[in-house]
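Scroll down for the structure; my scribbles are underneath it.
Residue numbers (full-length UniProt numbering): 1 to 139.
Structure below.
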């Protein structure tokens with residue numbers, strides 16, 4: 001992980017920015033299948049399909065209720081299914097697609113897109129379009 005460390009979004013245990021690649025030691029016991037980065041938080045999906053989140057939590061986007069403002073290291077998101085297929089970090093929210101509830105989750109993402117478009121930049125719109133296309137290709 002590297003670049004701006006504001007809010008702990010890199011998951012490296014501090015608010016420091018990193019200008020060269022650094023290992024996220026908090027997840028060293030896990031094989032990472034995918035990750036998704038947003039303006040101020042990051043999601044990690046492990047090979048065992050567990051989800052971890054780090055960074056800003058001002059809108060509850062980390063999915064961890066005991067963290068008020070931000071997390072400096074990745075915390076496991078509890079209360080979600082173990083068969084997570086995809087993750088996506090939006091502007092002020094996060095989403096996960098499971099094998100069981102993929103259609104309802106995609107509906108949620110589309111509804112959140114309406115809100116996020118008010119704040120969106122081009123790269124965020126591209127991220128949503130990619131997730132939408134992937135969901136229709138693989139499901």
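Backbone N, C-alpha and C define an ideal beta-carbon position, used for all residues, glycine too.
**Request:** Return the chain-ordered ranges of every alpha helix (DSSP H) run that is complete within the UniProt repeat "RCC1" (49–100) and spans a minimum of 4 residues.
**Result:** none
**Request:** Drop a sphere of 10 angstroms on the beta-carbon of residue 54, count the other beta-carbons inside from all chains shown, and report buried for 16 or more, exposed for fewer.
**Result:** buried
**Message:** Assuming residue 42 is part of the beta strand (DSSP E), what are its boundary residues?
**Reply:** 41–46
**Request:** Identify, in the order they occur along the chain, each residue of the same chain with its Cβ nearer than 8 Å to the Cβ of residue 15, setting aside the five sequence neighbours on each side.
**Result:** 5, 6, 7, 8, 72
**Prompt:** Per DSSP, residue 34 is paired with what?
**Reply:** 45
**Prompt:** Going by the CB atoms, is the gap between residue 88 and residue 25 shorter than 8 Å?
**Reply:** no
**Asked** In whole angstroms, what separates the C-alpha of residue 1 from that of residue 60?
**Response** 22 Å
**Request:** Whole angstroms is fine: what's the gap from residue 82's alpha carbon to residue 45's?
**Result:** 10 Å
**Message:** For residue 93, tell me which candidate among 85, 49, 63, 75 has the shortest Cα-Cα distance.
**Reply:** 63
**Reference residue 30; option with closest CA among 80, 17, 77, 48** = 48
**Item:** Where residue 23 falls, given that 16 or more other Cβ within 10 Å makes a residue buried
**Value:** exposed
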